[in-house]
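Here the structure is laid out as structure tokens; the discussion comes afterwards.
Here it is, written out as structure tokens:
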């Protein structure tokens, strides 16, 4: 790269409809905490971890975030193996647990029910500040 440092892996150009969300360095939050999608439509999210702490991005049914987070905390030693994603029917989409500089493209179909769906990082201790809302609208 121009600054002499190592070049980051190129992020794919996913088009103007893609939602790009980054983990903010040392702030335990997403740079885009709220976003809107169309009910029943395809959704593409590029989740980019620029932080040095591992993070994931989980999209959950309205009101389910706290229970999913508590279940992730309860995974204990199995947590890393399971990417801190507990088994839950309330999870709509989830990224892997990403290390610094890693990214993942999530593709899924938006729920058909308009509502505010929860977005959170389920790595233990993170969901208190690392959360947001995916609004599904007609």
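Numbering (my numbering), first residue to last: 12 to 149.
The beta-carbon is built from N, C-alpha and C at its ideal position, and this holds for glycine as well.
Length of the line joining the Cα atoms of residue i and residue j
i	j	result
residue 16	residue 114	Because the pLDDT at residue 16 is just 42, under 50, the model does not fix this residue reliably, and the value given afterwards should be weighed accordingly. Those two C-alpha atoms are separated by around 19 Å.
residue 43	residue 56	11 Å
residue 18	residue 112	Only weak support exists for where residue 18 lies, its pLDDT of 48 falling under 50; the value from the coordinates is given anyway. One C-alpha to the other measures close to 11 Å.
residue 26	residue 45	19 Å
residue 96	residue 149	29 Å
residue 87	residue 38	24 Å
residue 81	residue 66	16 Å
residue 138	residue 105	14 Å
residue 12	residue 100	Any reading at residue 12 needs caution, since the residue's pLDDT is 35, under 50, leaving its predicted position unreliable; the model's value is listed next. Roughly 43 Å separates the two Cα atoms.
DSSP-derived helix/strand/coil call for residue i
i	result
residue 75	coil
residue 104	strand
residue 29	coil
residue 112	coil
residue 47	strand
residue 88	helix
residue 34	strand
Reference residue i, options the options, closest by Cα
i	options	result
residue 30	21, 40, 48	48
residue 78	129, 149, 23	129
residue 28	134, 118, 87	118
residue 98	110, 116, 75	75
residue 147	24, 116, 124	124
residue 64	40, 145, 100, 22	40
residue 90	103, 101, 22, 107	107
residue 23	53, 116, 131	116
Residue i, enclosing beta strand (DSSP E) - first and last residue
i	result
residue 131	126-131
residue 142	142-148
residue 56	53-60
Sequence-distant residues of the same chain with beta carbon closer than 7 Å to residue i, five excluded per side
i	result
residue 73	126, 127, 128, 129
residue 153	This structure cannot settle anything about residue 153, because the visible part of the chain is limited to 12 through 149.
Sequence-distant residues of its chain with Cβ nearer than 6 Å to residue i (five each side left out)
i	result
residue 33	42, 59, 61
residue 122	147
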